[in-house]
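Q: Just so we're aligned, residue 822 is where the sequence shown starts under the numbering used here, counting upward by one. Backbone N, C-alpha and C define an ideal beta-carbon position, used for all residues, glycine too. In this text the structure is predicted, and so the values were computed from the model without any measurement.
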Amino acid sequence: ASTAGLHFTPDLLVELRRMGVEMTFITLQIGLDTFRPVKEERVQDHQIHTEWYELTAPVAEQINRAKLEGRRVIAVGTTA
């Protein structure tokens, strides 16, 4: 399982918000293939089934606004 989000404790999230960092969430519905080992020589040849995501209009607007204003957009993913 992915561990990217483990470092984001509730206290750290509060501190980041206090510093003016905006956060929003996108939901990814993973499949069992996420955990299947890559056995191909080239990772591009690895077949994975479709995964679904949800990006709501308000979230898209928030991301687009940040980009238009020249702010950084950083994606951090984790699988729960």
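#1: When DSSP builds the beta bridges, which residues end up paired with Gln850?
#2: Is the beta carbon of Val859 closer than 9 Å to that of His867?
#3: Kindly indicate the opening and closing residues of the alpha helix (DSSP H) around Leu837.
#4: Taking 6 Å as the limit between beta carbons, can you name the residues of its chain near Asp854, skipping five residues before and five after?
#5: Does Gly898 come out as helix, strand or coil in the three-state DSSP assignment?
#6: Taking Cβ to Cβ, would you say Phe846 is nearer than 9 Å to Val880?
A: If we stick to the structure as given:
#1: Translated into the one-based positions of the sequence shown, residue 850 becomes position 29. Under DSSP, Gln850 forms a beta bridge with Trp873.
#2: Counted from its first residue, the sequence shown places residue 867 at position 46. Counted from its first residue, the sequence shown places residue 859 at position 38. Between His867 and Val859, the CB-CB gap stays under 9 Å.
#3: The residue labelled residue 837 in the question sits at position 16 within the sequence shown. From DSSP, the alpha helix (DSSP H) with Leu837 extends over 831-839.
#4: By one-based count along the sequence shown, residue 854 stands at place 33. Ile869, His870.
#5: As a first step, residue 898 must be located in the sequence shown, where it is residue number 77. Gly898 carries a coil assignment under DSSP once its states are collapsed to helix, strand and coil.
#6: Along the sequence shown, one-based indexing puts residue 846 at 25. Along the sequence shown, one-based indexing puts residue 880 at 59. Cβ atoms of Phe846 and Val880: closer than 9 Å.
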